[in-house]
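Participant: Numbering (this note's numbering), first residue to last: 5 to 102.
The beta carbon of each residue, even a glycine, is placed where N, CA and C say it ideally should be.
For clarity, every value in this text was computed on a predicted model and none was experimentally measured.
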């Protein structure tokens, strides 16, 4: 719903090709270790290319609960007087950890 499906890149195709080639080799042979080294290098490239997902389900839940609390406080303010404790229910934003 929130995340786009990405099309396979050339790196994905190369990783798939390397994995299929790895399946045809016998473990313990020189060719197997060479292909395995190639797969490990491709995996490092894949991890370096990957963009971190900054918006996860926990963040969405915190945002939704903060909006709900804010709406409830505003609706209550129309009928009654707001006390100083009501605003302490809103979560403070945290600095992102990279």
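Restricting to Cα atoms, I'd like to know which of 34, 11, 41 is closest to residue 23.
Facilitator: The shortest C-alpha separation from residue 23 is found at 41.
Participant: So does residue 79 have its beta carbon nearer than 8 Å to some heavy atom of the ligand NAP?
Facilitator: As far as ligands go, the structure on display features none, and thus does not contain the ligand NAP.
Participant: Between residue 29 and residue 43, which are expected to be in contact by the criterion C-beta below 8 Å, what is the C-beta distance as a whole number of angstroms?
Facilitator: Incorrect: roughly 11 Å between the Cβ atoms, too far for contact.
Participant: Please state whether DSSP places residue 14 in a helix, a strand or coil.
Facilitator: DSSP places residue 14 in helix when its eight states are reduced to three.
Participant: How many angstroms separate the CA atom of residue 78 from the CA atom of residue 67?
Facilitator: Straight-line Cα distance between these residues: approximately 17 Å.
Participant: Going by CA-CA distance only, name the one from 37, 53, 33, 36 that's closest to residue 15.
Facilitator: Nearest C-alpha to residue 15: 53.
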